[in-house]
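Going line by line, the protein sequences match chains A and B. What the first sequence shows, in full-length UniProt numbering, is residues 1 to 259, in sequence order. What the second sequence shows, in full-length UniProt numbering, is residues 1 to 259, in sequence order. We treat Cβ as the ideally placed atom computed from N, Cα and C, and that holds for glycine. What you are looking at is a predicted structure, and each value in this text was computed from that prediction instead of being measured.
Number of protein chains: 2
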Amino acid sequence: MSQQRPTGTPGRAGHVPALPDLPEATVARLPEYLRALHHLIEAGHDTVSSEGLAAAAGVNSAKLRKDLSHLGSYGTRGVGYDIALLVEQIEFVLGLTQRRAVALVGIGNLGHALAGYAGFGSRGFRIAALFDADPARVGEEINGLVVRHIDDLPRYAAEESIAIGVIATPAAAAQRVADQLVAAGVTSILNFAPCVLAVPENVDVRKVDLAIELQILSFHEHRKATLTGLPGNRGGSGGNFPALPRALPDTGTQEAVGT
Amino acid sequence: MSQQRPTGTPGRAGHVPALPDLPEATVARLPEYLRALHHLIEAGHDTVSSEGLAAAAGVNSAKLRKDLSHLGSYGTRGVGYDIALLVEQIEFVLGLTQRRAVALVGIGNLGHALAGYAGFGSRGFRIAALFDADPARVGEEINGLVVRHIDDLPRYAAEESIAIGVIATPAAAAQRVADQLVAAGVTSILNFAPCVLAVPENVDVRKVDLAIELQILSFHEHRKATLTGLPGNRGGSGGNFPALPRALPDTGTQEAVGT
DNA sequence: CACTGTGAATCACTTCACAGCG
DNA sequence: CGCTGTGAAGTGATTCACAGTG
């Protein structure tokens, strides 16, 4: 009764993994495993233990085994996992057996860099079209792709079966672009603009914000400085600061690799 | 690995008013609140309810109140939060009362874009130095900053009190760069290279991997496609799965915000 | 009376520890 | 015997629901 997951039975007969509903946390780690596996292949291995793969992916082995067990994995007790098979499994689950077409909107500083990024191609995606709202940028060619005007999105989205959009515009334009993407049938968005997007519930949004990442690091810097007895951190502003009544012993935030 | 040994156990040196140790999940959301608050300020507000701020930040109000309560927040019952005060609080907790110096290593495609990104400056950071290993790139000027050779890192790191490093090199170079950063005294790293970094336990690493984000979206695309249409579970006998009832309300990705 | 702050309940994820298989 | 796969225990985060306050 603890599990809402219906399977659990040893019926391993199904050699085709229909999509189980994986925990989100697991889904987020599968790509990391995949990368590590490809790396192992290049290094000439063809099997790997949970311990070994876990180390390569920066997680602990129990977590890795649990994750793989969710996709009905095929390890061999006493031996480990067949790398090629595992790659196939994970790629299937992640929907990478087809190369997905991606539209990139906003060809500024960051957009240029993304358009030129080779990692997309090698990891299951194809940048199928570039868009910008600025007529001055339309027509420019990057990496063999011509920048189109955003208003032409619906046409190309259909033509290229684009289901994923990447927003690399300024924040002020992002919501509008998101609306246009959704109207064009896009159901997954990767948003680099520092703002929250409102979208219909069938659309998934993931967000990458550089400043937020730095601010999280800053918090830990601040904490470390405070812990190591550097009381004299001054902000320049009037150092009024509520004593923040707290006593909890320090939980060891695991740092170091990954996680 | 889970050993926590803070640099020399601080033998309970009395009660230095330390930072509360916030839940990681809360820390990760504070920057988002901060951004939303600045936005509200620009819109002319000076107080906001938990409901209002939650909407602006894309979370629900209970979560927001719980988060703010962790930092001993100052709301007024019946009214809401004083925006200016809240901004000050959050900036203090995140260690943003000082403008932190950041070193950017790897001035390729992405590095260029990051070097030119205005968002750093406006959100508490200052890119203090650019580095690359390629002599051909050394000397180039971007945004008023000259690209230095990576071997000069120790000198500038000390000069500029750099505590945060951003790695935008190819994966093959990233570990080496990380080692150099650590040797130069950097204790927080933001890694854009698609690989796992090994660092001492007192160093924090956060990772941004574009391909991973897309692969996670791909999973959801795949799932949606399987749920909504595709009837034929290609597949053999037995092991398939129940059609996953109910549309999942929220799967961890951002999804339909707005209330 | 509308709002915050918070214990209590719930849910999700991680870790443990070991049964059982190759 | 070494390793995977997994119940069960443990930990952390979210949500609920309401007491209490300005």
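Cα atoms of Ile-127(B) and Asp-134(B): separation of roughly 20 Å, rounded to the nearest angstrom.
Within the stretch 215-226 of chain A, Gln-215, Ile-216, Leu-217, Ser-218, Phe-219, His-220, Glu-221, His-222, Arg-223, Lys-224, Ala-225 and Thr-226 place their CB atoms closer than 8 Å to a CB of chain B, listed in sequence order.
Closer than 8 Å to the CB of Phe-131(B) there is not a single CB belonging to chain A. The criterion of a C-beta distance shorter than 8 Å is satisfied by Leu-130(A) and Ile-142(A). With fewer than 16 other Cβ atoms from the protein chains shown falling within 10 Å of its own Cβ, Pro-200(B) counts as exposed. Classified as exposed, Tyr-74(B) has fewer than 16 neighbouring CB atoms from the shown chains inside 10 Å of its CB. With a 10 Å radius around the Cβ and a threshold of 16 neighbouring Cβ atoms, Arg-77(A) comes out exposed. DSSP, read as helix, strand or coil, puts Ile-107(B) in coil. Ala-115(A) and Phe-192(A) have their C-alpha atoms some 14 Å from each other. Taking CB atoms only, Glu-213(A) has a neighbour in chain B less than 8 Å away.
DSSP places Val-166(B) within a strand segment (E or B) once states are collapsed to three.
Residue-level contact check: Val-138(B) does not touch chain A, since none of the beta carbons of chain A fall below 8 Å from its beta carbon. Across the stretch 154-185 of chain B, CB contacts with chain A closer than 7 Å involve Ala-163 and Ile-164, in sequence order along the chain.
For chain B, the residues of the stretch 21-42 of chain A that bring a beta carbon within less than 7 Å of one of its beta carbons are Asp-21, Glu-24, Val-27, Ala-28, Pro-31, Glu-32 and Arg-35, in chain order.
Taking 8 Å as the cut-off, the Cβ atoms of Arg-206(B) and Leu-217(A) count as close. Rounded to whole angstroms, Leu-22(A) and Gly-119(A) show a C-alpha spacing of 25 Å. Look at Ala-128(A) here: in three-state DSSP terms it is strand. Counting other Cβ atoms within 10 Å of its Cβ, Val-48(A) reaches 16 or more and is therefore classed as buried.
Contacts with chain A at 8 Å (Cβ-Cβ) include Leu-94(B). The stretch 90-99 of chain B makes contact with the stretch 27-37 of chain B; the number of CB pairs closer than 8 Å reaches 3 or more.
Under the three-pair Cβ rule at 8 Å, the stretch 183-190 of chain B does not count as touching the stretch 100-114 of chain A.
With contacts defined as CB atoms closer than 8 Å, Gly-124(A) and Leu-85(A) fail to qualify as a contacting pair. In this chain, the beta strand (DSSP E) harbouring Arg-148(B) covers 145-149. Non-local C-beta neighbours of Arg-148(A) in its own chain, meaning closer than 7 Å and more than five positions away in sequence, comprise Ala-129, Leu-130, Phe-131, Val-138 and Tyr-156, ordered along the chain. By the neighbour-count criterion, in which 16 or more other beta carbons inside 10 Å mark a residue as buried, Gln-98(A) falls on the exposed side.
Within the UniProt DNA-binding region "H-T-H motif" (32-71) of chain B, complete alpha helix (DSSP H) segments of at least 4 residues are found at 50-57 and 61-70, given in chain order.
The beta-carbon of Ala-54(B) is placed no less than 8 Å from the nearest beta-carbon of chain A.
Counting only the Cα atoms, Pro-31(A) lies some 34 Å from Arg-65(B). Just so you know, the alpha carbons of His-45(B) and Leu-227(B) end up roughly 44 Å apart. Taking C-beta atoms as the reference points, Leu-181(A) and His-222(B) fail to come closer than 8 Å.
Interface annotation, Gly-124(B): in contact with chain A, CB-CB separation under 8 Å. For Asp-204(B), there is no enclosing alpha helix (DSSP H); the residue is found in the beta strand (DSSP E) stretching over 204-207.
Beta-bridge partners assigned by DSSP to Ala-101(A): Arg-126(A). Bounds of the alpha helix (DSSP H) holding Tyr-156(B) are 153-160. Chain order gives the chain A residues near Gly-58(B) as Val-196, where near means a beta carbon separation below 7 Å. Residues of the stretch 65-98 of chain A whose Cβ lies closer than 8 Å to any Cβ of chain B, in chain order: Gly-72, Val-93, Leu-94, Gly-95 and Leu-96.
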